[in-house]
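Residue numbers (the numbering used here): 50 to 151. Cβ coordinates follow ideal geometry from the N, Cα and C atoms, glycine included. Accompanying notes for the structure given below.
Have a look at this one:
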């Protein structure tokens, strides 16, 4: 499954997902975000059991604020509409997958 570009209009679809959700809060100008982005893409492609979305904080400041995003990249895992884990900074693929499985 490919990565979903998440915005205010489709956020309820994400929030109400039956699958665990990984959200990547990023900005195009952010170096560490560019390191994490291909890993998030790989996880989306290879793990159809997860819903993976990216949120550009420059385009969606309200969503970033709602999740308390102060630094990027911020990775958020949601299950049943609730945040179960949140992590700031670049992470290797294994750590991102561990967040989803935890």
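Considering only their Cβ atoms, is the gap separating residue j from residue i smaller than 7 Å?
i           : j           : result
residue 54  : residue 103 : yes
residue 139 : residue 84  : yes
Alpha carbon to alpha carbon, how far is residue i from residue j?
i          : j           : result
residue 61 : residue 116 : 14 Å
residue 88 : residue 145 : 9 Å
Can you name, in chain order, every residue of its own chain whose Cβ lies under 7 Å from the Cβ of residue i, other than the five neighbours on each side?
i           : result
residue 90  : 52
residue 128 : 69
residue 82  : 75, 76, 121, 122
For residue i, decide whether its Cβ has a neighbour in chain C, counting only Cβ atoms nearer than 7 Å.
i           : result
residue 127 : In summary, chain C is missing from the structure at hand, where a single protein chain is found.
What residue does the alpha helix (DSSP H) around residue i start on, and which one ends it?
i          : result
residue 86 : 80-95
On the premise that residue j lies in contact with residue i, defined as a C-beta separation below 8 Å, what is that separation, rounded to the nearest angstrom?
i           : j           : result
residue 71  : residue 149 : 6 Å
residue 121 : residue 76  : 6 Å
residue 135 : residue 125 : 5 Å
Apart from the five residues just before and just after residue i, which ones in its own chain have a Cβ nearer than 8 Å to its Cβ?
i          : result
residue 57 : 109, 111, 112
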